[in-house]
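As you go down the protein sequences, you meet chains A and B in turn. Taken in order, the first sequence gives residues -17 to 271; the numbers are from my numbering. Taken in order, the second sequence gives residues 128 to 380; the numbers are from my numbering. The C-beta atom is built at its ideal place from N, Cα and C for all residues, glycine as well. No experiment lies behind these values; they were computed from the predicted model shown.
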Amino acid sequence: MSSVSAPKFYETKKFKDKVKYTFVTFVLIAGSMLILLPLWWMISTSLKSPAEIAQYPPTFFPKEFHFNNYIEAWQTAPFTRWALNTLFLASVGTIGSVLVNSLVAYGFAKIHFKGRNPLFILVLSTMLIPGFVTMVPQYILFSKLGWVNTYLPLLVPAFLGSAFFIFLLRQFMLGIPNELMEAAVLDGAGHLQIWWHIMLPLTKPALITVAIFSFNGAWNDLLGPLLYINDESMYTLQIGLQTFKGTVQTQWHYLMAMSVTVLLPVIFLFFFFQKYFIEGSNLSSGTKG
Amino acid sequence: MNFVGLENYKSMFTMDDLFRTSLFNTVYYVVFSVPLTTAGAIILAVLLNQKIKGMKFFRTIYYLPAVLSGVAVYLLWMQLLSPSTGLVNTMLGWIGITGPAWLFDPDWTKPALLLMKMWSVGGGMLLYLAIMQGVSPQMYEAADMEGASPWQKFYYITLPMISPIIFFDVITSTIGAFQIFQEAYVMTENGSGGPGNSLLFYNLHMWNNAFEVFNMGYASAMAWLLFLIVMILTSVNMKLGKRWVHYEGGNDK
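What follows is the structure, given as structure tokens:
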């Protein structure tokens, strides 16, 4: 047997790639099933009649598909109005969150100033206090400002920075080479210009992550609107969902139908935002290569 | 106002048995949830960073649980974990395993919460996926030329490149795990603490002291102690981070 022979078919890179491809696909499909099963429960309940939901043991597939649950649930209350309110709050909040947190993160990552580290620890320490501890003082503050029953308590904090996002974006910005900034400084760029023209484009995947998280958070926020909003016309979808949880009886079929509906916009948003995720990658790898 | 000095802090350690229980439960949850979710998110991100047909759909599916809002998820899981009719035990039954009583068995309540937490690991995955977009493909191509194994590529390229986010994830999820509250509150009939107080977490005990017993002084003392514990852990993490976190940008630490 000659010592130099063509590699066997199972030793070629092409074959190995194919095995890997098949294996990863298989694992991902299996995992997807596990993820989706609990969600199927939600969808299945949303299509059942109240009588079937009460049945014991519960059925896996609805016997009859009551698609009407979706329409009826939507019509029980001014949900169109509430959906627009929620969209407005989540969109404005997301813009504020992306801009402000990235600007603050830029300061912590790339500008050297005295007391930077202690100040950063101070920012982090705001995460260490549970939400319900600050809830009451915060409410008193906003009510003294006369902001109760306006959107201000829900919108203004989004423009004041969040420790979680500042920390996250700082981590990404520390990875941007200093040389890029130094070149811009030589060209006479100030910090705001460096932030806008260099940092933002290069941290695109991170900014999209922050945008997705912020939108999601505002979309799902129940406590905020519940505390500060009294007018029914100003309600959000999450408050609307609560109306199905009656004191006497929970309308599970409506609750689940509406939960699925509320979920859809966020899922679409995530699905389409991914495009920019990948585009961002080409940019940053291009500069590093 | 009645000034009691350090009396509140003293009674935590000497009088209040539930305080010790709540601290134990919380530390148990932190010790398991932080490594499990971090490792889970990284593995998932590596899988979802491959070039495979339909990847957009896979990513969306795995991110889905993170989209769902708090209370609805807890109610959903209470149904799924129901010992006799729940989906989880039904599925375990298919492969011949008799599932535990989950939220009704003191030994299984915390694992039940960990299971629920692992289900929504897609949120953390997104962070790793984001930073993996910044790793240049040339590095992997160069490693391929040298004949590196997949494990070597992961260990010598991927891990150092994503270390800033591992660092972030470990710190923030430690903070988050110490503050576990909502799930325990919703899933134990308005904060009763579950069977054998096995879900009485630190913040739940604090909440009960503040808003059920109205002992605000004691609750505030508890809040300060937790702040101190987590602050020390965070500082230690920050110090240790300087040794293992790699920033591409240069020596900015």
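Residue i: first and last residue of the uninterrupted alpha helix (DSSP H) it sits in
i                 : result
MET314 (chain B)  : 309 to 314
ALA(-1) (chain A) : It is worth fixing the name first, because residue -1 (chain A) is Asp in this sequence and not Ala. Segment -5 to 28, the alpha helix (DSSP H) holding ASP(-1) (chain A).
GLY157 (chain A)  : Per DSSP, GLY157 (chain A) belongs to no alpha helix (DSSP H) and is neither H nor E.
ALA166 (chain B)  : 144 to 174
TYR136 (chain B)  : 134 to 141
ILE257 (chain B)  : For clarity, residue 257 (chain B) is Ala in the given sequence; the question names Ile instead. Run containing ALA257 (chain B): 249 to 259, per the alpha helix (DSSP H) assignment.
GLU34 (chain A)   : 32 to 35
ASN330 (chain B)  : 329 to 334
GLY285 (chain B)  : Note that residue 285 (chain B) is Thr in the sequence shown, not Gly. Run containing THR285 (chain B): none; DSSP gives neither H nor E here.
ALA348 (chain B)  : 343 to 371
TRP229 (chain B)  : First-last for TRP229 (chain B): undefined, no H or E at that position.
LYS237 (chain B)  : 236 to 246
ALA270 (chain B)  : 264 to 272
ILE188 (chain B)  : 182 to 194
GLY220 (chain B)  : 214 to 221
LYS280 (chain B)  : 277 to 280
Environment of residue i [buried if 16+ CB atoms lie within 10 Å]
i                : result
ILE85 (chain B)  : The question about residue 85 (chain B) has no answer here: the residues shown for chain B are numbered 128 through 380.
PHE295 (chain B) : buried
PHE147 (chain A) : buried
ALA140 (chain A) : buried
ALA257 (chain B) : buried
LYS126 (chain A) : exposed
SER241 (chain A) : buried
PHE47 (chain A)  : exposed
MET181 (chain A) : buried
PRO207 (chain A) : buried
ALA269 (chain B) : exposed
LYS92 (chain A)  : buried
ILE122 (chain A) : exposed
GLU316 (chain B) : exposed
ILE11 (chain A)  : exposed
HIS235 (chain A) : buried
TRP64 (chain A)  : buried
LEU195 (chain B) : buried
ASN264 (chain A) : Residue confidence is low: ASN264 (chain A) scores 44 on pLDDT, short of 50, so the model does not pin down where it sits. Its coordinate-derived value is still stated next. ASN264 (chain A) comes out exposed.
TYR329 (chain B) : buried
SER362 (chain B) : exposed
THR76 (chain A)  : buried
GLY268 (chain A) : Note that GLY268 (chain A) has pLDDT 39, beneath the 50 cutoff, so the model's placement of it is unreliable and the number below is only indicative. Label assigned to GLY268 (chain A): exposed.
TRP229 (chain B) : buried
HIS373 (chain B) : exposed
PHE184 (chain B) : exposed
ALA188 (chain A) : buried
LYS186 (chain A) : buried
GLN233 (chain A) : buried
GLY172 (chain A) : exposed
Q | Interface positions of the segment 139 to 159 of chain A facing chain B (Cβ-Cβ less than 8 Å), listed along the chain | A | PHE146, PHE149, LEU150, GLN153, PHE154, MET155, LEU156, GLY157, ILE158, PRO159
Q) If contact means a Cβ-Cβ distance below 7 Å, which residues of the segment 320 to 351 of chain B contact chain A? A) ASN330, TRP334, ALA350
Q | Against chain B: residues of the segment 246 to 259 of chain A by CB proximity under 8 Å | A | VAL248, ILE249, PHE252, PHE253, GLN256, PHE259
Q.
Please give the ranges of any alpha helix (DSSP H) in the segment 163 to 245 of chain A, keeping only runs that are unbroken, at least 4 residues long and fully inside the region.
A. 173 to 176, 186 to 202, 205 to 210, 219 to 224
Q) Counting only runs that start and end within the segment 99 to 133 of chain A, where is the alpha helix (DSSP H) found for 4 or more residues in a row? A) 113 to 126
Q. With a cut-off of 8 Å, do at least 3 Cβ pairs link the segment 266 to 273 of chain B to the segment 187 to 201 of chain A?
A. no
(Q) Short of 7 Å Cβ to Cβ, which residues in the segment 40 to 52 of chain A face chain B? (A) PRO40
**Q.** Touching by the beta-carbon criterion (3+ pairs, under 8 Å), the segment 172 to 182 of chain B and the segment 2 to 10 of chain A
**A.** yes
(Q) Can you pull out the residues from the segment 185 to 205 of chain B whose beta carbon lies closer than 8 Å to at least one beta carbon of chain A? (A) PHE185, ARG186, THR187, ILE188, TYR189, TYR190, LEU191, PRO192, ALA193, VAL194, LEU195, SER196, GLY197, VAL198, ALA199, LEU203, TRP204
Q | Segments assigned alpha helix (DSSP H), at least 4 residues, entirely inside the segment 40 to 67 of chain A | A | 50 to 57
Q) How do the segment 242 to 253 of chain B and the segment 159 to 167 of chain B stand: do at least 3 beta-carbon pairs fall below 8 Å, yes or no? A) yes
Q | Against chain B: residues of the segment 61 to 80 of chain A by CB proximity under 9 Å | A | none
Q: Can you give me, in chain order, the residues of the segment 273 to 288 of chain B that have a beta carbon less than 7 Å from any beta carbon in chain A?
A: none
Q) Can we say the segment 171 to 178 of chain A touches the segment 18 to 31 of chain A, given the rule of at least three CB pairs closer than 8 Å? A) no
Q.
Please identify, using Cβ separations under 9 Å, the residues of the segment 287 to 317 of chain B that lie next to chain A, in order along the chain.
A. MET288, PRO291, ILE292, PHE294, PHE295, ILE298, THR299, ILE302, GLY303, PHE305, GLN306, PHE308
Q) How do the segment 148 to 157 of chain A and the segment 33 to 41 of chain A stand: do at least 3 beta-carbon pairs fall below 8 Å, yes or no? A) no
Q) Are the segment 238 to 245 of chain B and the segment 156 to 165 of chain B touching, with three or more C-beta to C-beta distances below 8 Å? A) yes
Q: Please name the residues in the segment 258 to 270 of chain B whose beta-carbon is closer than 8 Å to at least one beta-carbon of chain A, in chain order.
A: ILE258, GLN260, GLY261, VAL262, SER263, PRO264, GLN265
Q.
Please list, in chain order, the residues of the segment 24 to 40 of chain A that have any C-beta partner in chain B closer than 8 Å.
A. MET24, TYR38, PRO39, PRO40
Q: Mind the definition here: the segment 54 to 68 of chain A touches the segment 217 to 226 of chain A only if three or more C-beta pairs lie below 8 Å; say whether that holds.
A: yes
(Q) Three Cβ pairs or more, each shorter than 8 Å: is that satisfied between the segment 204 to 221 of chain B and the segment 7 to 25 of chain A? (A) yes
(Q) Check whether the segment 189 to 197 of chain A and the segment 67 to 87 of chain A are in contact - that is, three or more C-beta pairs closer than 8 Å. (A) yes
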